[in-house]
Amino acid sequence: MYAWRPVLLGALIGMLIAQVLVMKWLAEAQVEAGIERQAREAAARAAQARCFEAATHRTKDACRVGLATADGGR
Numbered sequence: 000m001y002a003w004r005p006v007l008l009g010a011l012i013g014m015l016i017a018q019v020l021v022m023k024w025l026a027e028a029q030v031e032a033g034i035e036r037q038a039r040e041a042a043a044r045a046a047q048a049r050c051f052e053a054a055t056h057r058t059k060d061a062c063r064v065g066l067a068t069a070d071g072g073r
C-alpha cells in the first residue's frame, strides 16, 4: 500500500544523478569553448601585431582591412 514512497525516492535520486552528469558535461563544454576562444583571440592579436610591423600607414590599413574581411567583421 505504501510502495509509492520508495519509487518516488528512487526517481528523485535518479533525477539528481542525471542533473549532476548534465552539469558536469555543460561545465566541460564551457571550458573547451573558452580555450578555443582564447586560441582564436591570440591568433587575431598576433595577426594584428604583424599588421603594425608594416612599413607604411597604407600597408597597415590594408592589412587591418584584410584581417577584418577575413574574420567576418567579428
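Residues in the sequence shown are numbered from 0 upward in steps of one, following numbering that gives the first Met the number 0. Glycine included, C-beta positions come from ideal geometry on N, C-alpha and C. Treat the numbers as computed from the prediction; the structure is a model and nothing was measured.
Handout entry: Beta-carbon proximity check, arginine 63 vs cysteine 50, cutoff 7 Å
Key = yes
Practice task
Between the Cα of alanine 69 and those of Gln47, Ala54, Glu52, spot the shortest distance and give me the residue it belongs to.
Solution key: Gln47
Practice task
Give the range of the alpha helix (DSSP H) segment to which glutamate 40 is assigned.
Solution key: 3-51
Problem - Rounded C-alpha distance that separates alanine 61 from isoleucine 16 - result: 55 Å
Practice task
Kindly give me the distance between the Cβ atoms of lysine 59 and alanine 67, rounded to whole angstroms, as I take these residues to be in contact under 8 Å.
Solution key: Wrong, their Cβ atoms sit about 13 Å apart, outside the cutoff.
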